Amino acid sequence: GEWQKNSPFSWQSFMSVWIAMRVLFSQNPDALQRAYYSDLRKLADDSANRDLLVREIDVTRPEAVLIFGKTAYDQYGRVFREAGIDRDRIYYIYFPCGQGAVPKHDPRAETLLDCRKRLHDYFESCHGA
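In the numbering used here, the protein residues as written are -4 to 124.
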(Lines of atoms letter the chains of each structure in order from A and count residues from 1; the text may use other names and numbers.)
(Lines give C-alpha, C1' and ligand atoms only; values in the text may rest on other atoms or scores of the structure.)
Protein backbone atom coordinates (compact mmCIF):
# COMPACT_ATOMS: atom_id res chain seq x y z
CA GLY A 1 0.00 0.00 0.00
CA GLU A 2 2.99 2.36 -0.06
CA TRP A 3 4.53 4.11 -3.06
CA GLN A 4 7.58 2.14 -4.18
CA LYS A 5 10.18 4.79 -4.97
CA ASN A 6 13.09 2.60 -6.06
CA SER A 7 11.35 -0.05 -8.13
CA PRO A 8 8.05 -0.37 -9.96
CA PHE A 9 7.25 -3.74 -8.42
CA SER A 10 8.35 -5.34 -5.16
CA TRP A 11 8.84 -9.10 -4.94
CA GLN A 12 5.65 -9.43 -2.87
CA SER A 13 3.67 -7.47 -5.46
CA PHE A 14 5.16 -9.59 -8.25
CA MET A 15 4.15 -12.81 -6.50
CA SER A 16 0.64 -11.51 -5.83
CA VAL A 17 0.19 -10.61 -9.47
CA TRP A 18 1.65 -13.93 -10.58
CA ILE A 19 -0.88 -15.80 -8.42
CA ALA A 20 -3.75 -13.71 -9.79
CA MET A 21 -2.62 -14.25 -13.38
CA ARG A 22 -2.51 -18.01 -12.79
CA VAL A 23 -6.13 -17.81 -11.63
CA LEU A 24 -7.26 -15.50 -14.44
CA PHE A 25 -5.58 -17.32 -17.29
CA SER A 26 -5.71 -20.89 -15.98
CA GLN A 27 -8.12 -21.89 -18.74
CA ASN A 28 -6.38 -19.87 -21.48
CA PRO A 29 -2.64 -19.68 -20.72
CA ASP A 30 -1.77 -18.91 -24.35
CA ALA A 31 -3.99 -15.81 -24.22
CA LEU A 32 -1.73 -14.21 -21.63
CA GLN A 33 0.54 -12.99 -24.42
CA ARG A 34 -2.37 -11.25 -26.14
CA ALA A 35 -3.43 -9.21 -23.11
CA TYR A 36 -2.10 -6.00 -21.60
CA TYR A 37 -2.03 -6.04 -17.83
CA SER A 38 -0.75 -3.44 -15.41
CA ASP A 39 -1.55 -1.16 -12.50
CA LEU A 40 -0.87 1.64 -15.05
CA ARG A 41 0.81 4.00 -12.59
CA LYS A 42 4.50 3.95 -13.52
CA LEU A 43 5.52 7.61 -13.37
CA ALA A 44 4.74 10.24 -10.75
CA ASP A 45 3.89 12.91 -13.35
CA ASP A 46 0.32 12.32 -14.61
CA SER A 47 0.96 13.70 -18.09
CA ALA A 48 4.16 11.72 -18.59
CA ASN A 49 2.46 8.60 -17.25
CA ARG A 50 -0.44 9.01 -19.70
CA ASP A 51 2.02 9.53 -22.60
CA LEU A 52 3.90 6.36 -21.63
CA LEU A 53 0.63 4.43 -21.50
CA VAL A 54 -0.37 5.66 -24.98
CA ARG A 55 3.01 4.53 -26.34
CA GLU A 56 2.67 1.12 -24.67
CA ILE A 57 -0.77 0.62 -26.21
CA ASP A 58 0.59 1.56 -29.62
CA VAL A 59 3.43 -0.97 -29.31
CA THR A 60 1.50 -3.87 -27.76
CA ARG A 61 -1.87 -3.54 -29.59
CA PRO A 62 -3.54 -5.77 -26.98
CA GLU A 63 -6.66 -7.83 -27.66
CA ALA A 64 -7.75 -7.38 -24.06
CA VAL A 65 -6.73 -5.13 -21.20
CA LEU A 66 -6.58 -6.12 -17.55
CA ILE A 67 -6.14 -3.24 -15.12
CA PHE A 68 -5.04 -3.88 -11.55
CA GLY A 69 -7.12 -1.69 -9.28
CA LYS A 70 -10.51 0.00 -9.61
CA THR A 71 -8.94 3.43 -9.16
CA ALA A 72 -6.54 2.83 -12.07
CA TYR A 73 -9.46 1.55 -14.15
CA ASP A 74 -11.44 4.71 -13.45
CA GLN A 75 -8.46 6.96 -14.17
CA TYR A 76 -7.02 5.30 -17.27
CA GLY A 77 -9.75 3.17 -18.88
CA ARG A 78 -10.60 6.05 -21.19
CA VAL A 79 -7.05 6.05 -22.61
CA PHE A 80 -7.60 2.51 -23.88
CA ARG A 81 -11.02 3.34 -25.31
CA GLU A 82 -9.54 6.36 -27.11
CA ALA A 83 -6.89 4.01 -28.55
CA GLY A 84 -9.69 1.97 -30.13
CA ILE A 85 -9.97 -0.91 -27.67
CA ASP A 86 -13.57 -2.00 -27.22
CA ARG A 87 -15.02 -1.18 -23.80
CA ASP A 88 -16.06 -4.84 -23.45
CA ARG A 89 -12.39 -5.90 -23.67
CA ILE A 90 -11.19 -3.67 -20.81
CA TYR A 91 -11.38 -5.48 -17.48
CA TYR A 92 -10.24 -4.75 -13.95
CA ILE A 93 -9.64 -6.64 -10.76
CA TYR A 94 -8.90 -5.23 -7.34
CA PHE A 95 -5.15 -5.09 -6.96
CA PRO A 96 -4.13 -8.65 -6.12
CA CYS A 97 -2.36 -8.82 -2.79
CA GLY A 98 -1.86 -11.59 -0.28
CA GLN A 99 -5.02 -13.62 0.13
CA GLY A 100 -6.91 -11.27 -2.20
CA ALA A 101 -6.83 -13.93 -4.90
CA VAL A 102 -8.94 -16.28 -2.76
CA PRO A 103 -12.64 -15.39 -2.42
CA LYS A 104 -13.03 -17.01 1.01
CA HIS A 105 -10.43 -14.58 2.39
CA ASP A 106 -11.46 -11.47 0.48
CA PRO A 107 -15.04 -10.95 -0.76
CA ARG A 108 -13.76 -8.53 -3.43
CA ALA A 109 -11.96 -11.46 -5.02
CA GLU A 110 -15.31 -12.35 -6.60
CA THR A 111 -14.31 -9.69 -9.13
CA LEU A 112 -11.28 -11.86 -9.95
CA LEU A 113 -13.44 -14.89 -10.65
CA ASP A 114 -15.95 -12.86 -12.68
CA CYS A 115 -13.08 -11.40 -14.69
CA ARG A 116 -11.65 -14.89 -15.27
CA LYS A 117 -14.97 -16.04 -16.73
CA ARG A 118 -15.29 -12.98 -18.97
CA LEU A 119 -11.69 -13.33 -20.22
CA HIS A 120 -12.16 -17.05 -20.81
CA ASP A 121 -15.39 -16.49 -22.75
CA TYR A 122 -13.75 -13.77 -24.86
CA PHE A 123 -10.63 -15.77 -25.75
CA GLU A 124 -12.67 -18.89 -26.44
CA SER A 125 -14.89 -16.92 -28.83
CA CYS A 126 -11.76 -15.67 -30.63
CA HIS A 127 -10.33 -19.19 -30.85
CA GLY A 128 -13.51 -20.50 -32.44
CA ALA A 129 -13.63 -17.71 -35.02
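Where a beta carbon is used, it is the ideal one built from N, C-alpha and C, also for glycine. Predicted model, so just to flag it, every value in this text is computed and none were measured.
For residue i versus residue j, is the C-beta spacing smaller than 7 Å?
i, j, result
"Leu48", "Val12", "no"
"Leu67", "Leu35", "Correcting the residue identity first, residue 67 is Ala in this sequence and not Leu. The answer is yes: Cβ separation under 7 Å."
"Tyr31", "Val54", "no"
"Gln28", "His115", "no"
Spatial neighbours of residue i within its chain, please: CB distance less than 7 Å, with the 5 preceding and 5 following residues excluded, ordered by chain position.
i, result
"Arg82", "Arg76"
"Arg111", "Val18, Leu19"
"Tyr117", "Ala59, Arg84"
"Lys65", "Tyr87, Tyr89"
Taking the beta strand (DSSP E) that residue i belongs to, which residues open and close that run?
i, result
"Ala30", "30 to 33"
Using the three-state DSSP reduction, which class does residue i fall into: helix, strand or coil?
i, result
"Tyr87", "strand"
"Gly93", "Low confidence applies to Gly93: its pLDDT is 46, below 50, so where it sits in the model is not reliable enough to give any reading."
"Asn23", "coil"
"Ala39", "coil"
"Asp81", "coil"
"Ile14", "helix"
"Arg50", "helix"
"Arg76", "helix"
"Arg111", "helix"
"Arg45", "helix"
Along the chain, where does the alpha helix (DSSP H) that runs through residue i open and close?
i, result
"Arg62", "Residue 62 is actually Ile in this sequence, not Arg. Counting along the chain, Ile62 falls outside any alpha helix (DSSP H), though it belongs to the beta strand (DSSP E) covering 59 to 63."
Tell me which same chain residues have a C-beta within less than 8 Å of the C-beta of residue i, skipping the five on either side of it?
i, result
"Arg113", "Tyr86"
Beta-carbon within less than 6 Å of residue i's beta-carbon, same chain only, minus the 5 sequence neighbours each way: which residues are those?
i, result
"Ser120", "none"
"Ile88", "Thr106, Leu107, Cys110"
"Gly72", "Ile85"
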